[in-house]
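Chemist: Below is a structure I'd like to ask you about.
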DNA sequence: AGACGAATGTAGCGACTGCTACAAGCGCCG
DNA sequence: CGGCGCTTGTAGCAGTCGCTACATTCGTCT
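Here is the structure:
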């Protein structure tokens with residue numbers, strides 16, 4: 541049984557690599573199967589349907605990203621809010637993380653179109669990052685919940701601006717924000 | 541010749557309605573043609589290729605949205621920054637505008653995947669709204685450029701949060717923002 | 001050895017994609 | 001009237017999509 545689970549994890553890892561490289565919109569069964577070294581037939585056999593496959597793949601990618609972020613930004617580093625935000629955005633803009641933001645925006649777009657599954661996954665990811673962020677902001681931050689929400693919202697806005705090539709606007713926004 | 545242009549505009553309007561209703565990802569030639577009362581053959585004939593069609597469609601939708609926003613929020617209304625942002629977000633969350641935000645997030649996702657055309661369209665739209673917003677904030681706003689950037693970024697972040705069902709987080713962020 | 005279920009390969013289904021070749025209809029000008 | 005060019009319909013191409021039926025192999029247990 542752990543044999544099966546192992547096979548699935550190996551497949552998921554290979555497919556995750558493929559999705560990060562080629563985007564989620566190109567994640568159809570046959571290319572994914574090719575990347576995982578099997579056939580589309582086998583993917584359906586192991587995951588039941590494409591929807592369930594994508595669901596598992598997104599969860600895999602989410603925890604993958606979470607682990608990477610934990611590694612790059614361990615908690616309790618006593619950074620100011622300003623420095624923390626700057627570091628996170630610098631991180632998200634770096635090449636290894638950019639692939640994740642592409643997929644993230646794909647999830648958001650599909651969620652916005654009423655796709656319940658993607659909305660659930662996306663909501664869960666954001667919930668995870670509210671906790672994650674709270675552990676990285678100074679413990680004595682006033683109105684912690686509000687600050688976390690604001691930082692998260694500005695980060696999401698920055699990702700949108702980056703996507704359409706208006707990073708400077710996002711930088712100006714952050715500068716203006718920390719003027720107060 | 542104006543006959544042709546008229547035909548194209550009629551088609552664009554019908555296709556825009558279809559795209560708003562069914563999302564941009566479902567905007568393949570045959571459904572669009574059906575919505576416009578013609579055939580895929582004719583769409584290619586009039587627009588040259590699907591890429592050019594989508595390009596024109598997005599520009600049409602952008603100016604359509606701009607006109608609607610102008611109608612709902614004329615300039616120089618002497619609102620405070622807070623009230624202005626609140627009104628814009630209330631507007632974007634209302635039903636007639638939600639369809640546009642779905643398409644907007646689709647554009648952003650495709651732009652993030654390196655699609656130059658979508659990135660260009662998206663960048664142009666944001667540029668338009670920086671001008672648009674500046675004419676609606678109080679003229680004596682200190683650091684106007686920075687404020688516009690911040691407001692725009694927060695609005696984009698709010699749209700992401702709304703898409704994945706975390707509107708409350710965006711609300712908390714706005715509240716925290718206007719506490720200073 | 002034989003039986004059984006899990007795993008896997010082959011081939012194919014029907015629907016859809018963007019796009020095109022061909023031909024027929026149309027009005028317009030000489 | 002005759003031809004000419006713009007517009008349009010029909011049919012089809014080659015490809016991809018998610019998914020399935022069928023048959024086979026494989027390891028395991030009796």
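Residue numbers (this note's numbering), protein chains in the order written: chain D, 541 to 720; chain Z, 541 to 720.
We put the CB at the ideal spot given by N, CA and C, even for glycine.
Computed from a prediction, not measured in an experiment: that's the story for all the values here.
(1) For residue 626 of chain D, go through chain Z and note every residue whose CB falls closer than 9 Å to its CB, in chain order.
(2) Taking any Cβ of chain Z, which residues in the segment 677-705 of chain D have a Cβ under 9 Å from it, in chain order?
(3) Evaluate contact between the segment 666-673 of chain Z and the segment 689-696 of chain D, counting only Cβ atoms and requiring at least three cross-stretch pairs below 8 Å.
(4) Could you round the C-beta distance between residue 631 of chain D and residue 612 of chain D to whole angstroms and report it? I think they count as a contact, below 8 Å.
(5) When the Cα atoms are used, what is the spatial distance from residue 677 of chain Z to residue 608 of chain D?
(6) So residue 646 of chain D contacts chain Z; which residues on that side make the cut at Cβ distance below 7 Å?
(7) Tell whether a beta-carbon distance below 7 Å holds between residue 551 of chain D and residue 575 of chain D.
(8) Residues of chain D with CB closer than 8 Å to the CB of residue 717 of chain Z, please, in chain order.
(9) I need the DSSP call for residue 569 of chain Z, collapsed to helix, strand or coil.
(10) Write down the C-beta distance between residue 559 of chain Z and residue 601 of chain Z rounded to the nearest angstrom, noting that I regard them as a contact closer than 8 Å.
(11) I want to check one thing, is the minimum distance from the CB of residue 556 of chain Z to the heavy atoms of the ligand GTP below 6 Å?
(12) Which stretch, first to last residue, makes up the alpha helix (DSSP H) that contains residue 636 of chain D?
(13) For a quick check, are the C-beta atoms of residue 653 of chain Z and residue 563 of chain D less than 7 Å apart?
(14) Quick one: using the 10 Å Cβ neighbour count with 16 as the cut-off for buried, is residue 593 of chain Z buried or exposed?
(15) Grab me the residues of residue 595 of chain D's own chain with a C-beta within less than 8 Å of its C-beta, minus the 5 sequence neighbours each way, in chain order.
(16) What residues in the segment 628-639 of chain D bring their beta carbon closer than 7 Å to a beta carbon of chain Z?
(17) Run through chain D and tell me which residues come within less than 8 Å of residue 709 of chain Z, C-beta to C-beta.
(18) Please look up how many angstroms separate the CB atoms of residue 651 of chain Z and residue 703 of chain D, rounded, as I've assumed it's under 8 Å.
(19) Cβ of residue 604 of chain D within 7 Å of Cβ of residue 649 of chain Z?
(20) From this set, Z:701, Z:705 and Z:683, which residue's C-alpha is nearest residue 621 of chain Z's C-alpha?
(21) Chain D beta carbons: is any one of them nearer than 7 Å to that of residue 563 of chain Z?
(22) Going along the chain, which unbroken runs of the alpha helix (DSSP H) with 4 or more residues stay wholly within the segment 665-709 of chain D?
(23) Buried or exposed for residue 688 of chain Z, going by 16 or more other Cβ atoms inside 10 Å?
(24) Exposed or buried, what is residue 659 of chain Z when buried is set at 16 or more other beta-carbons lying within 10 Å of its beta-carbon?
(25) Whose C-beta lies closer than 7 Å to the C-beta of residue 673 of chain D among residues of the same chain, with five residues either side of it excluded?
(26) So, are the CB atoms of residue 716 of chain Z and residue 686 of chain D less than 7 Å apart?
(27) Are the C-beta atoms of residue 567 of chain Z and some chain D residue less than 7 Å apart?
(28) Would residue 698 of chain D and residue 629 of chain D be called neighbours here (beta carbons separated by less than 7 Å)?
(29) So what's residue 719 of chain D in DSSP terms, helix, strand or just coil?
(30) Do you know how far the Cα of residue 714 of chain Z is from the Cα of residue 633 of chain Z?
(31) Among the residues of its own chain, which have a CB less than 8 Å from the CB of residue 709 of chain D, if the five just before and after it don't count?
(32) Relative to the C-alpha of residue 679 of chain D, which residue among D:720, D:547, D:642 and D:616 is closest?
(33) Buried or exposed: where does residue 719 of chain Z fall if 16 or more other Cβ atoms within 10 Å of its Cβ makes it buried?
(34) Count the other CB atoms, across all protein chains shown, that sit within 10 Å of the CB of residue 618 of chain D; report buried if there are 16 or more and exposed otherwise.
(35) When DSSP labels each residue in this structure, what does residue 656 of chain Z get in the three-state scheme?
Modeler: In brief:
(1) Chain Z residues near residue 626 of chain D: none, gap ~15 Å exceeds 9 Å.
(2) 683, 685, 686, 687, 688, 689, 690, 691, 692, 693, 694, 695, 696, 697, 698, 699, 700, 701, 702, 703, 704 and 705
(3) no
(4) 6 Å
(5) 40 Å
(6) 649
(7) no
(8) 690 and 717
(9) helix
(10) 7 Å
(11) Looking for the ligand GTP in the displayed structure turns up nothing, as the structure carries no ligands at all.
(12) 635-652
(13) yes
(14) buried
(15) 657 and 661
(16) none
(17) 666, 670, 689, 692 and 693
(18) 5 Å
(19) no
(20) Z:683
(21) yes
(22) 684-703
(23) buried
(24) buried
(25) 688, 691 and 692
(26) yes
(27) no
(28) yes
(29) coil
(30) 15 Å
(31) 701
(32) D:616
(33) exposed
(34) exposed
(35) helix
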